[in-house]
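Residue numbers (the working numbering): 133 to 235.
Okay, structure first, notes after.
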(Lines of atoms letter the chains of each structure in order from A; the text may use other names.)
(Lines give C-alpha, C1' and ligand atoms only; values in the text may rest on other atoms or scores of the structure.)
Protein backbone atom coordinates (compact mmCIF):
# COMPACT_ATOMS: atom_id res chain seq x y z
CA UNK A 133 0.00 0.00 0.00
CA UNK A 134 2.91 2.36 0.67
CA UNK A 135 4.22 2.14 -2.90
CA UNK A 136 0.77 2.88 -4.29
CA UNK A 137 0.42 5.90 -2.00
CA UNK A 138 3.82 7.27 -3.05
CA UNK A 139 3.01 6.92 -6.74
CA UNK A 140 -0.43 8.44 -6.21
CA UNK A 141 1.08 11.34 -4.27
CA UNK A 142 3.60 12.01 -7.02
CA UNK A 143 0.88 11.93 -9.68
CA UNK A 144 -1.25 14.23 -7.53
CA UNK A 145 1.64 16.64 -7.03
CA UNK A 146 2.42 16.98 -10.74
CA UNK A 147 -1.20 16.86 -11.91
CA UNK A 148 -2.40 19.26 -9.25
CA UNK A 149 0.29 21.76 -10.22
CA UNK A 150 -0.77 21.48 -13.88
CA UNK A 151 -4.40 22.01 -12.92
CA UNK A 152 -3.38 24.98 -10.77
CA UNK A 153 -1.53 26.53 -13.71
CA UNK A 154 -4.55 26.11 -15.97
CA UNK A 155 -6.80 27.58 -13.28
CA UNK A 156 -4.51 30.62 -12.97
CA UNK A 157 -4.54 31.18 -16.71
CA UNK A 158 -8.32 30.85 -16.78
CA UNK A 159 -8.66 33.31 -13.89
CA UNK A 160 -6.55 35.97 -15.60
CA UNK A 161 -8.34 35.41 -18.91
CA UNK A 162 -11.74 35.80 -17.26
CA UNK A 163 -10.59 38.89 -15.34
CA UNK A 164 -9.32 40.81 -18.36
CA UNK A 165 -11.21 39.47 -21.39
CA UNK A 166 -14.58 38.21 -20.23
CA UNK A 167 -15.46 40.33 -17.20
CA UNK A 168 -13.37 43.31 -18.42
CA UNK A 169 -12.39 44.27 -14.89
CA UNK A 170 -9.71 46.94 -14.42
CA UNK A 171 -6.10 45.90 -13.84
CA UNK A 172 -4.90 45.68 -10.28
CA UNK A 173 -2.00 48.07 -10.89
CA UNK A 174 -0.71 50.57 -13.48
CA UNK A 175 1.58 48.09 -15.20
CA UNK A 176 1.60 48.39 -19.02
CA UNK A 177 1.08 44.60 -19.24
CA UNK A 178 -1.31 43.93 -16.36
CA UNK A 179 -2.05 40.34 -17.35
CA UNK A 180 1.60 39.37 -17.08
CA UNK A 181 1.97 41.12 -13.73
CA UNK A 182 -1.17 39.42 -12.45
CA UNK A 183 0.09 36.00 -13.56
CA UNK A 184 3.24 36.60 -11.52
CA UNK A 185 1.16 36.58 -8.35
CA UNK A 186 -1.58 34.12 -9.25
CA UNK A 187 0.47 31.31 -10.82
CA UNK A 188 2.74 30.45 -7.86
CA UNK A 189 -0.15 30.46 -5.41
CA UNK A 190 -2.48 28.39 -7.56
CA UNK A 191 0.22 25.90 -8.54
CA UNK A 192 1.30 25.42 -4.92
CA UNK A 193 -2.29 24.94 -3.75
CA UNK A 194 -3.05 22.62 -6.66
CA UNK A 195 0.02 20.51 -5.99
CA UNK A 196 -0.71 20.33 -2.27
CA UNK A 197 -4.38 19.45 -2.67
CA UNK A 198 -3.65 17.03 -5.50
CA UNK A 199 -1.02 15.13 -3.53
CA UNK A 200 -3.03 15.01 -0.31
CA UNK A 201 -6.19 13.95 -2.12
CA UNK A 202 -4.48 11.22 -4.10
CA UNK A 203 -2.65 9.80 -1.08
CA UNK A 204 -5.89 9.78 0.89
CA UNK A 205 -7.73 7.98 -1.91
CA UNK A 206 -4.87 5.47 -2.31
CA UNK A 207 -4.80 4.66 1.39
CA UNK A 208 -8.56 4.18 1.49
CA UNK A 209 -8.33 1.85 -1.49
CA UNK A 210 -10.54 4.00 -3.70
CA UNK A 211 -10.21 4.19 -7.46
CA UNK A 212 -7.57 6.61 -8.72
CA UNK A 213 -8.37 6.27 -12.43
CA UNK A 214 -10.67 9.32 -12.85
CA UNK A 215 -8.19 11.60 -11.11
CA UNK A 216 -5.25 10.17 -13.05
CA UNK A 217 -7.13 10.82 -16.30
CA UNK A 218 -7.93 14.39 -15.24
CA UNK A 219 -4.33 15.07 -14.18
CA UNK A 220 -3.03 13.50 -17.40
CA UNK A 221 -5.27 15.71 -19.50
CA UNK A 222 -4.20 18.81 -17.56
CA UNK A 223 -0.55 17.90 -18.02
CA UNK A 224 -1.06 17.26 -21.75
CA UNK A 225 -2.80 20.63 -22.25
CA UNK A 226 -0.07 22.40 -20.28
CA UNK A 227 2.73 20.76 -22.25
CA UNK A 228 0.95 21.42 -25.55
CA UNK A 229 0.66 25.08 -24.61
CA UNK A 230 4.35 25.29 -23.72
CA UNK A 231 5.33 23.63 -26.98
CA UNK A 232 3.09 26.05 -28.89
CA UNK A 233 4.72 29.00 -27.14
CA UNK A 234 8.25 27.77 -27.80
CA UNK A 235 7.79 26.89 -31.48
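Note that beta-carbon positions come from the ideal geometry of N, C-alpha and C, so glycine has one too.
- [ ] Check whether the Cβ atoms of residue 228 and residue 190 sit closer than 8 Å, and answer yes or no.
- [x] Mapped onto the chain shown, residue 228 falls at position 96. Mapped onto the chain shown, residue 190 falls at position 58. No, these two residues do not count as a Cβ contact at 8 Å.
TODO: Output yes or no for whether 8 Å exceeds the beta carbon distance between residue 182 and residue 169.
DONE: Translated into the one-based positions of the chain shown, residue 182 becomes position 50. Translated into the one-based positions of the chain shown, residue 169 becomes position 37. No, the pair does not count as a contact, with Cβ atoms beyond the cut-off.
Task: Helix, strand or coil at residue 139 [DSSP, three-state] - done: Sequence index remark: in the chain shown, residue 139 carries index 7 (1-based). The answer is helix: DSSP assigns residue 139 an H, G or I state.
- [ ] Quick one: residues in its chain with C-beta nearer than 6 Å to the C-beta of residue 150, no 5 flanking neighbours on either side, listed in chain order?
- [x] Start at 1 with the first residue of the chain shown, and residue 150 comes out as number 18. Cβ-Cβ distances below 6 Å link residue 150 to 222, 223, 226 in the same chain, with the five nearest sequence neighbours on each side left out; the list follows chain order.
TODO: Give a yes or no on whether the C-beta atoms belonging to residue 140 and residue 203 are separated by under 8 Å.
DONE: On the chain shown, position 8 is the one that residue 140 refers to. On the chain shown, position 71 is the one that residue 203 refers to. Inclusion of residue 140 and residue 203 in the CB contact set at 8 Å is warranted, their separation being smaller than that value.
- [ ] Just the C-alpha distance for residue 178 and residue 154, rounded to the nearest angstrom, thanks.
- [x] In the chain shown, the residue the question calls residue 178 occupies position 46. In the chain shown, the residue the question calls residue 154 occupies position 22. Taking the straight line from one Cα to the other gives about 18 Å.
Task: Span separating the alpha-carbon of residue 187 from that of residue 180 - done: On the chain shown, residue 187 is found 55 positions in, with the first residue counted as 1. On the chain shown, residue 180 is found 48 positions in, with the first residue counted as 1. Within the model, the alpha-carbon separation for residue 187 versus residue 180 is close to 10 Å.
- [ ] Going by CA-CA distance only, name the one from 233, 152, 209, 161 that's closest to residue 134.
- [x] Taking the chain shown and counting its residues from 1, one reaches residue 134 at position 2. If we check each option's Cα against that of residue 134, 209 comes out closest.
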